[in-house]
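Worksheet: one structure, shown below.
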Amino acid sequence: MTIHGLLPLAPLAAVAMVSVAHAQAVQPGDLRASPERLVQAAVEGVIGTIQSNPDTRAGDLAKITAVVQKQFLPYTDFQRTTRLALGSAWRTATPEQQQQLHEQFQMLLVRSYAVSLAQLREQNVKFRYQPVKSGSGATDVVVQTRVINNADEMQIDYRLQRTANGWKIYDINMMGAWLIEVYRKQFADIVARSGVDGLVKYLTTHNARQASDA
């Protein structure tokens, strides 16, 4: 899926988000949870629900999207993702524009995850989580994961920031490309041509079209 030139890394990242194992109970905002355990909980919690529900396992996209919204979003900070992807355009946007951009970009990311998970809901893919290489006082870390599917293996990296509400996922790296870096360039091109309002309209139109096609 493309957005007239926008490269969706979120669907690619979701390819890695499949595991039949159930993560230990780690709730969003658990200040005691390590970054690795939080990523595991976010990823495997969603997959466990999708694979255990007949409707989502059958591919009901609306219900898969609802699972992602309910269970994955609390582990993320997509407002930070939006702010960093917009760069200087975020600082010049009005509060109303910022809210619209956050809502529309988050909607795009959530649906991208849901579409990918719908395609992979019956696959048996396992994860290995690498220990974080940083000190106990770190506030920004990368969790490296290995995704194993039969004989195939790939690496997916999740970047998290420590917040007052615990660790939050805000960026994903697959095949050497960070989501924020890719979208930053593409958003900048759209803003240069059409302004911030143009980007809001662009994302809103795309999301509406995708919803109508569901």
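Residues -23 to -1, 1 to 191 (mature numbering (1 follows the signal peptide of the UniProt record, and there is no 0)) make up the sequence shown, in order.
From the three backbone atoms N, C-alpha and C, an ideal C-beta is built for every residue, glycine too.
Rounded to the nearest angstrom, what separates Ser11 and Leu137 at their Cα positions?
11 Å
With DSSP run on the structure shown, which of helix, strand or coil describes Gln132?
Gln132 carries a strand assignment under DSSP once its states are collapsed to helix, strand and coil.
Under the assumption that Val16 contacts Val120 (Cβ atoms under 8 Å), give the Cβ distance between them as a whole number of angstroms.
5 Å
Closer than 7 Å by C-beta to Val124: which residues in its own chain qualify, once you throw out the five before and the five after it? Chain order, please.
Ala(-8), Val102, Phe104, Glu130, Met131, Ile133
Proximity below 7 Å, CB of Tyr160 to CB of Ala62
yes
Alpha carbon to alpha carbon, how far is Gln107 from Arg139? Give it in angstroms, no decimals.
18 Å
Using C-beta distances below 7 Å, list every residue in its chain close to Ile157, excluding the 5 sequence neighbours before and after it, in chain order.
Thr58, Leu61, Ala62, Asp148
As an exercise, report each continuous beta strand (DSSP E) stretch of at least 3 residues that is fully enclosed by the stretch 97 to 160, in chain order.
Here the runs fully enclosed are 103 to 106, 117 to 126, 129 to 140, 143 to 151.
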